[in-house]
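> Each protein sequence line maps, in turn, to chains A and B.
For the first sequence, this note's numbering begins at 2 and goes up steadily by one.
For the second sequence, this note's numbering begins at 19 and goes up steadily by one.
We treat Cβ as the ideally placed atom computed from N, Cα and C, and that holds for glycine.
Bear in mind that the values here come from a model prediction, so they are computed numbers and not experimental data.
There's a structure below that I have some questions on.
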Amino acid sequence: MKIELTPQQQNAQAAFRAFVDAAIVPLANHFDREEHTPPQLIEQLAQRGYLGALLPQKSGCNGMDAITYGLLSEEIGRGCSSLRSLLTVHTMVGQALLKWGSAFQKENWIPKLASGSAIAAFALSEPNVGSDAKRVETTATLSGDAYILNGQKKWITYGQIADVFLVFAQCDREASSTATEKPSAFLVERNSPGLSIKPISGMLGVRASMLAELHLKECRIPQENLVCREGFGFSHVASTALDCGRYSVAWGCVGIAQACLEACLRYTSQRKQFGVYLKDHPLIRQLISDAIANVKAARLLCYQAGYLKDIGDPKSIMETSIAKYFASTIAAKVANDAVQIHGANGCSSEYDVQRYLRDAKIMEIIEGSTQIQQLTIAEYGYQEQSILAPPTTLSQQLVARV
Amino acid sequence: MKDAKAKIKQFLSQYFANHDLQDDDDIFAQGFINSMFAMQLVLFMEQAFQITVENEDLDIENFRTINAMTQLLEHKAAVLPGN
Chain A
2 MKIELTPQQQ
12 NAQAAFRAFV
22 DAAIVPLANH
32 FDREEHTPPQ
42 LIEQLAQRGY
52 LGALLPQKSG
62 CNGMDAITYG
72 LLSEEIGRGC
82 SSLRSLLTVH
92 TMVGQALLKW
102 GSAFQKENWI
112 PKLASGSAIA
122 AFALSEPNVG
132 SDAKRVETTA
142 TLSGDAYILN
152 GQKKWITYGQ
162 IADVFLVFAQ
172 CDREASSTAT
182 EKPSAFLVER
192 NSPGLSIKPI
202 SGMLGVRASM
212 LAELHLKECR
222 IPQENLVCRE
232 GFGFSHVAST
242 ALDCGRYSVA
252 WGCVGIAQAC
262 LEACLRYTSQ
272 RKQFGVYLKD
282 HPLIRQLISD
292 AIANVKAARL
302 LCYQAGYLKD
312 IGDPKSIMET
322 SIAKYFASTI
332 AAKVANDAVQ
342 IHGANGCSSE
352 YDVQRYLRDA
362 KIMEIIEGST
372 QIQQLTIAEY
382 GYQEQSILAP
392 PTTLSQQLVA
402 RV
Chain B
19 MKDAKAKIKQ
29 FLSQYFANHD
39 LQDDDDIFAQ
49 GFINSMFAMQ
59 LVLFMEQAFQ
69 ITVENEDLDI
79 ENFRTINAMT
89 QLLEHKAAVL
99 PGN
């Protein structure tokens, strides 16, 4: 066993870090206050190939391995969670299309998504539908050679600027309440007739992520915009995208926690109270130690998930869920402690840690809330237990004890 | 294909701990399967048998039983001898 980045991965990490320190860190509070991401910065991400991180490139290369993509998510997340969320949702749609898109969809969209000439967003959540995602209420009815979409999507990250949306709707050919509904995925272009987009502002965190509501009223899209097959939109298309999203969010959380840790190490080395630097107070050291251990543990879970993704192991799905669960939980804790260490300064917009705390809270809700992860992770534990100790053996032992 | 059936059965056994799954048992009728299962099954089939599960393979009937999954593998091997 060897947990060590390759020289290529180390070089990529150094380049990501330098870019984030120069182009993102100094401006992230401004983006947060303005609730806006400048198009020039998105252009820079595109030019560096970050938006096409996991997609085949024009050069014929295959894109980044999962670990390098994770490092990119961490570094951008360290600078600005909003920008990291652009990378996340754009990559989620790209991965879903790469796996389940038709030949035409791949040919048409993958080069645009890889170059960043088109921005993609993921449109699953609705006003009435969050965690119970396969019960989306938006409908899609086949009419001739077009699908007609009706419904509303909410909290769509970068919906204000996306060129194309991966929209989830219930396919219902007969359009009657007795027909079986089939969750399905569709590509909906921004200029589709019947689609209107309404910006959302005033969120707690990830405030520069340009959220939007999508209103689909008799929105007509070509039949060939169905992604995968009717009925497989949630189980396969959304699942592929969400797994990719959880992975990026997990790494992004490591980035938030790392940023908090670095801010605390700086601050406690510069500020004195009771005649000594904060870092020399034992209770501060306890908080710093917890942050160091938690950041390292979260990063190791992310490495584990990335390694399993790179070898195509089915365990990668649940190990990614565990990484997201743990990393989002510790990001919120480390950010909370960082604000505590910074005191009143930490509550001020002059310091970054207040933004980290607000952003970290969002991470416990998106891409499967903490509680949804807890349901599936516990179940995974029982499944693993059943392999290690078959139930017959276990029950015999219990009987023997009685 | 006997090996394939054994491999599939071993993979599925973690989800059906209290049931001795038979080759023709309907796995979707056996109880709760969570939202992660579909993609885990796709990744398992791809990794264990070096195939790519594609859109046209996504018929629920291809995944309903161990026998059906084995038939899917046979079909894919026949279509693409390299698989």
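What is the rounded straight-line gap between the Cα of A176 (chain A) and the Cα of D75 (chain B)?
Here A176 (chain A) scores only 49 on pLDDT, less than 50, and its place in the model is too uncertain to base an answer on.
> Alpha carbon to alpha carbon, how far is E76 (chain A) from Y304 (chain A)? Give it in angstroms, no decimals.
In a straight line, the C-alpha of Y304 (chain A) is about 14 angstroms away from that of E76 (chain A).
> Inspect the CB distances between the segment 197 to 212 of chain A and the segment 276 to 290 of chain A and report whether three or more fall short of 8 angstroms.
Touching, no.
> Would you kindly work out how many angstroms separate the C-alpha atoms of W252 (chain A) and I367 (chain A), rounded to a whole number?
Whole-angstrom Cα-Cα distance: 14 angstroms.
> Throw me the rounded Cβ distance for the A124 (chain A) and L215 (chain A) pair, which I believe falls under 8 angstroms.
The Cβ separation is near 6 angstroms, so the contact holds.
> Closer than 9 angstroms, Cβ to any Cβ of chain B: which residues of the segment 296 to 330 of chain A, in chain order?
Answer in chain order: I312, G313, D314, P315, K316, S317, I318, M319 and S322.
> Is T88 (chain B) closer than 8 angstroms to K23 (chain B) when the C-beta atoms are compared?
Yes. Within cutoff.
> Determine, for D353 (chain A), whether the minimum Cβ-Cβ distance to residues of chain B falls below 8 angstroms.
With 8 angstroms as the cut-off, D353 (chain A) does not count as an interface residue toward chain B.
> Just the chain A side, please: which residues come within less than 8 angstroms of Q32 (chain B) by C-beta, in chain order?
In chain order: Q384, E385, S387 and I388.
> For C62 (chain A), count neighbouring Cβ atoms within 10 angstroms of its own Cβ and tell me buried if that reaches 16, exposed if not.
Its Cβ having fewer than 16 others within 10 Å, C62 (chain A) is exposed.
> Going along the chain, which unbroken runs of the alpha helix (DSSP H) with 4 or more residues stay wholly within the segment 53 to 85 of chain A?
67 to 80, all fully within the segment 53 to 85 of chain A.
> May I ask which residues mark the beginning and end of the beta strand (DSSP E) holding E44 (chain A)?
Here E44 (chain A) belongs to no beta strand (DSSP E); instead the alpha helix (DSSP H) covers P40 to Q48.
> Quick one, which residues of the segment 44 to 62 of chain B are near chain A if we go by CB-CB under 9 angstroms, in chain order?
For the segment 44 to 62 of chain B, which is checked against every Cβ of chain A, the residues closer than 9 angstroms are F50, N52, S53, M54, F55, A56, M57, Q58, L59, V60, L61 and F62.
> Mind pulling the chain B residues with CB within less than 7 angstroms of F233 (chain A)?
L76, listed in chain order.
> Do L88 (chain A) and Y51 (chain A) have their CB atoms nearer than 8 angstroms?
It is a contact, given that the beta carbons lie within the stated cut-off.
> With I84 (chain B) and K27 (chain B) assumed to form a contact (beta carbons below 8 angstroms), what rounded beta-carbon distance in angstroms separates them?
Indeed they touch by this definition, with Cβ atoms about 6 angstroms apart.
> Compare the beta carbon distance of A332 (chain A) and A292 (chain A) with 8 angstroms and say whether it is the shorter of the two.
Contact flag unset, no.
> Suppose you measure from the CA of R356 (chain A) to the CA of A339 (chain A); what does that come to, to the nearest Å?
For R356 (chain A) and A339 (chain A), the distance between alpha carbons rounds to 11 angstroms.
> With 7 angstroms as the limit, tell me which residues of the segment 219 to 252 of chain A have their beta carbon closer than that to any beta carbon of chain B; keep them in chain order.
If the cut-off is 7 angstroms between Cβ atoms, the segment 219 to 252 of chain A has C229, R230, F233, S236, H237, S240, T241 and D244 near chain B.
> Please classify T139 (chain A) as buried or exposed, where buried requires at least 16 other C-beta atoms within 10 Å of its C-beta.
Answer is buried; the Cβ neighbour count reaches 16.
> How about T377 (chain A): is its C-beta nearer than 8 angstroms to some C-beta of chain B?
Yes, because at least one Cβ of chain B sits closer than 8 angstroms to the Cβ of T377 (chain A).
> Closer than 7 angstroms by beta-carbon distance: list the chain B residues that pair up with E127 (chain A), in chain order.
Simply none; closest approach about 17 angstroms.
> Give the secondary structure of I51 (chain B) by DSSP, where H, G and I count as helix, E and B as strand, and everything else as coil.
In the structure shown, I51 (chain B) sits in coil (DSSP, three-state: anything other than H, G, I, E or B).
> In chain B, which residues lie less than 7 angstroms from E138 (chain A) when you measure between Cβ atoms?
By Cβ distance, chain B contributes nothing, its closest Cβ being about 18 angstroms from E138 (chain A), past 7 angstroms.
> Run through chain A and tell me which residues come within less than 8 angstroms of Q65 (chain B), C-beta to C-beta.
Going along chain A in sequence order, the residues near Q65 (chain B) (Cβ under 8 angstroms) are I312, G313, D314 and P315.
> Within the 8 angstroms Cβ cut-off, does N80 (chain B) reach chain A?
Not closer than 8 angstroms to any Cβ of chain A, the Cβ of N80 (chain B) fails to qualify, so no.
> Identify whether G344 (chain A) lies in helix, strand or coil by the three-state DSSP scheme.
Correct three-state label for G344 (chain A): helix.
> Can you list, in chain order, the residues of its chain with a C-beta nearer than 6 angstroms to that of S387 (chain A)? Leave out the 5 residues immediately preceding and following it.
Closer than 6 angstroms at the Cβ level, and outside the excluded window around S387 (chain A), lies no residue.
> May I have the straight-line CA-CA distance separating C265 (chain A) from A170 (chain A), to the nearest angstrom?
Between C265 (chain A) and A170 (chain A), the C-alpha separation is close to 45 angstroms.
> Expressed to the nearest angstrom, what Euclidean distance is found between the alpha-carbon atoms of D173 (chain A) and F166 (chain A)?
For D173 (chain A) and F166 (chain A), the distance between alpha carbons rounds to 20 angstroms.
> Taking the alpha carbon of S116 (chain A) as the point to measure from, which residue in A:S82, A:A324, A:A54 and A:S103 has its own alpha carbon closest?
Considering only alpha carbons, the answer is A:A54.
> Please confirm whether E380 (chain A) has its beta-carbon closer than 8 angstroms to some beta-carbon of chain B.
Answer yes: the Cβ-Cβ gap between E380 (chain A) and chain B drops below 8 angstroms somewhere.
> Assuming A67 (chain A) and K310 (chain A) make a contact with CB atoms under 8 angstroms, what is their CB distance in whole Å?
Rounded, the Cβ-Cβ distance is 4 angstroms, consistent with contact.
> For Q384 (chain A), which residues from the same chain have a beta carbon less than 6 angstroms from its beta carbon, with the 5 sequence-adjacent residues on both sides left out?
Nothing meets the Cβ criterion.
> Excluding the 5 residues flanking Q341 (chain A) on each side, which residues of the same chain have their C-beta closer than 8 angstroms to its C-beta?
Closer than 8 angstroms at Cβ, skipping near neighbours: L288 and G347.
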